[in-house]
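Engineer: Order-wise, the sequence lines are chains A and B. So for the first sequence, this note's numbering puts the first residue at 1; every next one is plus one. So for the second sequence, this note's numbering puts the first residue at 1001; every next one is plus one. The beta carbon of each residue, even a glycine, is placed where N, CA and C say it ideally should be. Structure incoming, see below.
2 protein chains.
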Amino acid sequence: MSNQPAFSRADPDERRQSLIEACARVLAEKGAAGVSVRTICTEAGVSPGLLRHYFGGISEAIAETYRWTGARIDAALEQAVAQAGPDPRARLLAYLTANFRPPIASPDLLASYVALWSLSRSDPLVAAVRAEVYGQFREGLERLVRDWRPGLADPRLPAIALTALIDGLWLELSLGNAPFSPEEAEALAEHWLDALPG
Amino acid sequence: MSNQPAFSRADPDERRQSLIEACARVLAEKGAAGVSVRTICTEAGVSPGLLRHYFGGISEAIAETYRWTGARIDAALEQAVAQAGPDPRARLLAYLTANFRPPIASPDLLASYVALWSLSRSDPLVAAVRAEVYGQFREGLERLVRDWRPGLADPRLPAIALTALIDGLWLELSLGNAPFSPEEAEALAEHWLDALPG
DNA sequence: ATCCTTGCTATACACTCGTATAACAAGCGA
DNA sequence: TCGCTTGTTATACGAGTGTATAGCAAGGAT
């Protein structure tokens, strides 16, 4: 009987990343109440003690998961904009409508976000990352709005309006039970974009 | 030295209601992670054991808090519609814009909702009330949409679109840090309502 | 083939959680 | 004024939490 190794050593960055992704899965599947050092490590297939070798605490692990999730979304948005070509309106519209398709519009991502948002109320580390991610999102949108309407005195108001538009449609789409296709959401967003005052 | 009574007996309905409102305050202030039998009862000024005399468990207490919160919002919306007079468009617009003013647009209510939503993922009782409250909201909106556009084949799609509109603007307003007044949100909602296709 | 580093596991600790139970006492009916 | 009902408190229990610590062993270096 040849003894299999009881565990294997992994590249530090890969192990850390696997813990982050395990945390994201737990958040999506079990919600904020289901996330704990033990559930994360079980999901990642490692012993409970290992989390503290890669993170200062569970708060830091969750905060890093938030940061990773935000970066993933940001990458998807940037890619959509890049594929839209040079026209400012097309670029802005691509940014808006990318929110209505996978991987952004998804029940899992909505569940993760609700959990992370909920945790950010009682966890300062998570709250800090939330502000950081939200700021990045709004900054990217404001930049596209400025390119779209260069003469605009204050791009913040239309940016907020468009953020609200995205939020609402993304939410209803990600709930999954809406009688609503991504195409209809995109058509609506385009229609409302052109109807934006100012 | 006359001994003050160590506690006083209350009307069962009032005591139950005070626990519900204490639960709502805890949810708003400390989030989902801060709500527990002990924090709720401390907030209500009673001993921890009392909660189980009025509720089958903490899940039931939270679910009842959800139901009470939903009813409070529904009442505010109904009142706004009643004050709007007979014109269908005015009634629909009143329903929409009531979401942008207190008591509906409020950081506390947003915090409570995020917490309740988060809890509903792992707690079946809370999830059931969430479906119930969401159904009521959508039903009320669909009714107003039908009155507004009687010839419409399917009022569900515009109702979802308007729900998304409400969700997004309510969210951004309730965050509190938006460069955005309720009046601007109302003007935007009216503008987008008239631009609704179909 | 052996040593050594350190990734990894195993265990323990203090704390909080929801719930169950028994004793207490407030305040109404007599 | 006394007794009884029951709302209310106090206490205890097992389970789960995050964290700290000691020891094991994987696998590259020598």
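Is the Cβ-Cβ distance between A/A209 and B/A1033 less than 9 Å?
Structural biologist: Because chain A here runs from 1 to 198, residue 209 of chain A falls outside it and cannot be looked at.
Engineer: Put A/F100 into one of helix, strand or coil per three-state DSSP.
Structural biologist: Position 100 of the first sequence, counted from the start, is the residue given in the question as residue 100 of chain A. Helix.
Engineer: Less than 8 Å between the CB atoms is what I'm expecting for A/A80 and A/A94, so what's the real figure, rounded?
Structural biologist: Along the first sequence, read from residue 1 onward, the residue named residue 80 of chain A stands at position 80. Along the first sequence, read from residue 1 onward, the residue named residue 94 of chain A stands at position 94. Rounded, the Cβ-Cβ distance is 5 Å, consistent with contact.
Engineer: Against chain A, does B/G1031 count as a neighbour if the rule is that its beta carbon must be under 9 Å from one of theirs?
Structural biologist: Position 31 of the second sequence, counted from the start, is the residue given in the question as residue 1031 of chain B. Yes, because at least one Cβ of chain A sits closer than 9 Å to the Cβ of B/G1031.
Engineer: Residues of chain B with CB under 7 Å from A/F137, in chain order?
Structural biologist: Counting from 1 along the first sequence, the entry for residue 137 of chain A is found at position 137. Going along chain B, no residue has its Cβ under 7 Å from A/F137, so there is no contact; the nearest lies around 12 Å.
Engineer: Decide if A/P103 is buried, meaning its Cβ has at least 16 other Cβ atoms within 10 Å, or exposed.
Structural biologist: Sequence index remark: in the first sequence, residue 103 of chain A carries index 103 (1-based). Label assigned to A/P103: exposed.
Engineer: Within 9 Å of any Cβ in chain A, is that where the Cβ of B/A1187 sits?
Structural biologist: By 1-based counting over the second sequence, the position of residue 1187 of chain B is 187. Output row for B/A1187: interface = yes.
Engineer: Could you tell me whether the Cβ of A/S122 comes closer than 9 Å to any Cβ of chain B?
Structural biologist: The residue you call residue 122 of chain A lines up with position 122 of the first sequence. Yes, contact with chain B.
Engineer: Alpha carbons only, please: which of A/A178, A/S106, A/R143 and A/A164 is nearest the one belonging to A/E192?
Structural biologist: Start at 1 with the first residue of the first sequence, and residue 192 of chain A comes out as number 192. Residue identity differs from the one stated: residue 192 of chain A is Trp in this sequence, not Glu. That would be A/A164, whose Cα lies nearest to the Cα of A/W192.
Engineer: Near B/L1171, what residues of its chain come up, given a Cβ to Cβ distance below 8 Å and the 5 sequence neighbours on each side ignored?
Structural biologist: Taking the second sequence and counting its residues from 1, the one referred to as residue 1171 of chain B is at position 171. Contacts found: L1110.
Engineer: Would you report the Cα separation of A/R143 and A/F137, rounded to the nearest angstrom?
Structural biologist: For the purposes of this step, residue 143 of chain A is taken as the residue at position 143 of the first sequence. For the purposes of this step, residue 137 of chain A is taken as the residue at position 137 of the first sequence. The alpha-carbon atoms of A/R143 and A/F137 are separated by roughly 10 Å.
Engineer: Measuring CB to CB, does A/I62 end up less than 9 Å from A/L125?
Structural biologist: Here the question's residue 62 of chain A lines up with position 62 in the first sequence. Here the question's residue 125 of chain A lines up with position 125 in the first sequence. Yes.
Engineer: What distance in whole Å lies between the Cβ atoms of A/F180 and B/L1157, which are believed to be in contact at a cut-off of 8 Å?
Structural biologist: In the second sequence, residue 1157 of chain B corresponds to position 157, counting from 1. In the first sequence, residue 180 of chain A corresponds to position 180, counting from 1. Indeed, because the Cβ distance is near 7 Å, the residues count as touching under 8 Å.
Engineer: Please identify, using Cβ separations under 9 Å, the residues of the segment 1061-1078 of chain B that lie next to chain A, in order along the chain.
Structural biologist: Those would be none; no residue qualifies.
Engineer: Below 9 Å between beta carbons: does that hold for A/L19 and A/Y54?
Structural biologist: The residue given as residue 19 of chain A occupies position 19 in the first sequence. The residue given as residue 54 of chain A occupies position 54 in the first sequence. Result yes, Cβ atoms of A/L19 and A/Y54 sit closer than 9 Å.
Engineer: Please go through the same chain and pick out, in chain order, the residues whose beta-carbon is closer than 6 Å to the beta-carbon of A/A115, but skip the five residues on each side of it.
Structural biologist: Residue mapping note: residue 115 of chain A aligns to position 115 of the first sequence, counting from 1. Cβ neighbours of A/A115 beyond the five flanking positions: L27, G31 and A32.
Engineer: In angstroms, rounded to a whole number, what distance separates the CA positions of B/A1159 and A/V46?
Structural biologist: Translated into positions along the second sequence, residue 1159 of chain B becomes position 159. Translated into positions along the first sequence, residue 46 of chain A becomes position 46. Distance between the alpha carbons of B/A1159 and A/V46: 47 Å.
Engineer: Output the distance between the C-alpha atoms of B/E1186 and A/A105, rounded to the nearest integer angstrom.
Structural biologist: Sequence index remark: in the second sequence, residue 1186 of chain B carries index 186 (1-based). Sequence index remark: in the first sequence, residue 105 of chain A carries index 105 (1-based). Each residue's Cα considered, the two are about 27 Å apart.
Engineer: Please report how far the alpha carbon of A/I166 lies from the alpha carbon of B/C1023, in whole angstroms.
Structural biologist: Position 166 of the first sequence, counting from 1, holds the residue named residue 166 of chain A. Position 23 of the second sequence, counting from 1, holds the residue named residue 1023 of chain B. Each residue's Cα considered, the two are about 32 Å apart.
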